[in-house]
Amino acid sequence: MNLVRIDPAMLIPLAPVLILVAVLIGWSLVQIVRAPVRHLPKWAWTLVVVLVVPLGAVIYLIGGRARGQELRDEDLH
Numbered sequence: 572m573n574l575v576r577i578d579p580a581m582l583i584p585l586a587p588v589l590i591l592v593a594v595l596i597g598w599s600l601v602q603i604v605r606a607p608v609r610h611l612p613k614w615a616w617t618l619v620v621v622l623v624v625p626l627g628a629v630i631y632l633i634g635g636r637a638r639g640q641e642l643r644d645e646d647l648h
């Protein structure tokens with residue numbers, strides 16, 4: 572049986588990418604809990620973000636977040 576061995580030193584250059592992906596997923600999950608969402612229920616967005624790493628978080632941030640109310644001129648005075 573021929574097993575492929577991965578040298579741990581080879582993973583060191585990937586550390587920043589893995590950290591950024593973890594932050595992206597964590598931030599997306601916090602936003603799902605705190606803010607309104609569009610197109611899917613919150614539980615479905617949570618599944619998409621967790622199961623489709625990291626594309627699910629990007630899809631949520633682009634299309635799943637509900638937009639806040641737009642400011643009017645009266646709000647600025």
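Heads up: the sequence shown begins at 572 in my numbering, then just goes up one per residue.
Glycine included, every Cβ here is placed at the ideal spot set by N, Cα and C.
Quantities reported herein were computed from a predicted structural model and do not represent experimental measurements.
Check, Outcome
"With DSSP run on the structure shown, which of helix, strand or coil describes Arg636?", "strand"
"Roughly how many whole angstroms lie between the Cα atoms of Val619 and Ala586?", "23 Å"
"Drop a sphere of 10 angstroms on the beta-carbon of Gly635, count the other beta-carbons inside from all chains shown, and report buried for 16 or more, exposed for fewer.", "buried"
"If we ignore side chains and look at the alpha-carbon of each, how far apart do Ile603 and Pro612 end up?", "10 Å"
"CB Val608 to CB Trp616, shorter than 8 Å?", "yes"
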